[in-house]
């Protein structure tokens, strides 16, 4: 692992819900900074990670992507919105 990659992965791991595995997923999708991540569509990221892994990834990954994009692009994020589970799909009855 290069020192650049290591720094980027550590930067991603400062985001709520993003640990070693998800930071590496973001890297593998070609994302190199939180600033870059902040401009991306979480739904498209989810589609890309499913395609990259060749399987339907657990929907919780989408919720983490939604949270990570929000936090990356928000100067003073709301504390409640810094929890990945706050980004679940609304219940439908």
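Residue numbers (full-length UniProt numbering): 1 to 93. By construction, the Cβ of each residue, glycine as well, lies at the ideal position given by its N, Cα and C atoms.
Straight-line Cα distance separating residue j from residue i
{"i": "residue 79", "j": "residue 39", "result": "21 Å"}
{"i": "residue 10", "j": "residue 30", "result": "15 Å"}
{"i": "residue 48", "j": "residue 36", "result": "16 Å"}
{"i": "residue 88", "j": "residue 63", "result": "6 Å"}
{"i": "residue 82", "j": "residue 55", "result": "27 Å"}
{"i": "residue 68", "j": "residue 58", "result": "16 Å"}
{"i": "residue 44", "j": "residue 16", "result": "19 Å"}
{"i": "residue 26", "j": "residue 66", "result": "13 Å"}
With 16 other Cβ atoms within 10 Å as the buried cut-off, status of residue i
{"i": "residue 12", "result": "buried"}
{"i": "residue 52", "result": "exposed"}
{"i": "residue 61", "result": "buried"}
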